[in-house]
Amino acid sequence: MNVIHYQPWNTLDQMRREMDKVFASYADRDEGSSVVAADWLPAVDVREDPERFVIVADVPGVEPKDIDINMENGVLTISGKKEVESEEELKNYKRVERARGSFYRRFTLPESADAEKISAKFTNGVLEIVIPKQERVQPRKITIES
């Protein structure tokens, strides 16, 4: 039998991740969506540059063909599935910590986002979505006829 050393920080970190899942799934419901069940939430970074927004999601072990990205009514949705081992394959495991199953994330984009020019690339388990900003419309002075 192998000896597994107890490390209390691992337990606290696992509790934090579980709480993050609860709050993230609750927050997703606030965006007008119907309730969607997800087995795990990929870690995501969102940044804004002067010309674009960039969403970077860690989805290790997921194939690009198993990821869907949709844009509807100003909401960008990333969903997918990481294949789950069968019960037979898992029977000899003593510990299972890696995420598996379906995932789902939603992001409400600002009006400045150009939904028609969104692009995505996938490299080494990292999904990068680039959302360009629309060109600013310059204000125009309206003359008043008398």
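Heads up, the working numbering is the position in the sequence shown plus 182, with the first residue counted as 1.
C-beta: ideal position from N, C-alpha, C; glycine also.
Note that the structure is predicted; figures quoted are calculated from it, not measured.
Quick check: is any heavy atom of the ligand ADP less than 7 Å from the C-beta of residue i?
i	result
K303	No copy of the ligand ADP occurs in the structure displayed, which carries no ligand at all.
Whole angstroms are fine: how far does the CA of residue j sit from the CA of residue i?
i	j	result
I237	I313	8 Å
Y286	F304	17 Å
V278	R199	15 Å
I249	K323	46 Å
V257	M197	29 Å
E213	S328	With a pLDDT of 47 at E213, under the threshold of 50, the modelled position of this residue cannot be trusted; read the value that follows with caution. Looking at the two C-alpha atoms, the distance is approximately 47 Å.
Bridge partners for residue i per DSSP, in chain order?
i	result
I260	I251 and R287
V228	I237
A302	I311
A295	K315
Relative to the C-alpha of residue i, which candidate in the options has its C-alpha closest?
i	options	result
V265	N274, Y275, R229 and R280	According to the sequence displayed, residue 265 carries Glu and not Val. Out of N274, Y275, R229 and R280, R280 has the C-alpha closest to the C-alpha of E265.
R318	R234, V228 and Y275	R234
L330	R282, S294 and S301	Outside the shown range of the chain (183 to 328) lies residue 330, about which nothing can therefore be said.
G307	T193, V226 and M201	V226
Mind checking whether residue i and residue j have CB atoms under 8 Å apart?
i	j	result
A239	L309	yes
Q320	S294	no
Give the C-beta separation of residue i and residue j to the nearest angstrom, bearing in mind that I take them to be a contact with Cβ-Cβ under 8 Å.
i	j	result
I300	I311	7 Å
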